[in-house]
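In my numbering, the protein residues as written are 83 to 411.
Quick look at the structure:
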């Protein structure tokens, strides 16, 4: 791997990497917030659009069909702010998640290179590049998911609200969940979340680190090699792990408020992740496990591209500040 390709993992202090990751998460979240709300609404929609009989239990809930019609429906019924529902916990989630993810990824890579160092090049691991990136990406994603999961649950619940607000505000939501569901309520769906994110981030970073050096050598118009590599890696990883993401969303809105969201007919799932998958498969078919995949891919591509593009430039900016500070000293 070229020196340029190693920058993501090797350059910058831990504080600079953390700050760059947080900056990337903050900007990426704001850009893709409307698509995130649409994705969650589609994922929570349990009825089949092709079966009129399945509409009998909607209890006043909306019927969404496709990305653009869902965007128009939310704008018409809830206004422009409806597309940024859950943005406060989501911004906190993306900032904390990105900071933990990139820091853990960098630290894990350094540990792997120390444990499996190449005798001919102490700065390089004897592990294959793809294996090193997969392990570091999986550990980084898993650590970030477990650390920030309560914010992810809050983001989902706020995005699932219609005009009838389940939670008036973030502080009251935290208090209500703690009172009604206990600490475990903040971690509903963590199992499928970890089962999804570990292979997702492993595949993402493995693909990203493999594609980036080659794409960086190309003269791409209006884009950088890192942005294109991030987009391609995200699409490949997201498609492979999407059913677990859908199951996580369905489990996150379980509990005493289940019937009060914009979709009022969300079933009660028993048996954990496996039970939820079986129920969705039996009632909604294979397509039920991929509701919202199109908008998820639409969201994943710009989100990853913006995240990686911003991260690289933010890291360069913070490293430049550090160099200037050292020069003054």
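Cβ atoms here follow ideal geometry from the backbone N, Cα and C, with glycine treated the same way. Source: prediction; values computed, not measured.
In the three-state reduction of the DSSP assignment, residue 296 falls in the helix class, which pools H, G and I. The alpha-carbon separation between residue 141 and residue 282 amounts to approximately 36 Å.
Comparing C-alpha distances from residue 181 to each of 157, 104, 324, 334 shows the shortest one belongs to 104.
Closest in alpha carbon position to residue 115, among 394, 397, 260, 384, is 384. Proximity to residue 344 across 96, 159, 94, 100 peaks at 159, based on C-alpha coordinates. Comparing alpha carbon positions, the residue from 277, 239, 236 closest to residue 221 is 277.
Its chain contains 109, 110, 113 as the residues whose beta carbon lies nearer than 7 Å to that of residue 388, once the 5 sequence neighbours on both sides are disregarded; these appear in chain order. Scanning the segment 323-404 from its first residue to its last, the whole alpha helix (DSSP H) runs of 4-plus residues come out as 354-366. A Cβ-Cβ distance of about 5 Å is found for the pair residue 391 and residue 309, placing them in contact under the 8 Å criterion.
For residue 266, the closest alpha carbon among the candidates 190, 374, 401, 334 is that of 334. Ranked by how close their Cα comes to the Cα of residue 268, the residues 228, 405, 223, 401 have 228 in first place.
Residue environment: residue 238 is assigned as buried (16 or more neighbouring CB atoms within 10 Å of its CB, all protein chains considered). By the C-beta density criterion, residue 253 is exposed, having fewer than 16 other C-beta atoms within 10 angstroms. Ranked by Cα distance from residue 126, the first of 196, 340, 360, 177 is 340.
For residue 145, the secondary structure class from DSSP, reduced to helix, strand or coil, is coil. Residue 273 carries a helical assignment under DSSP once its states are collapsed to helix, strand and coil. Remark: C-beta atoms of residue 214 and residue 194 approach each other more closely than 7 Å.
Under the DSSP assignment, residue 127 falls outside any alpha helix (DSSP H); it carries neither an H nor an E label.
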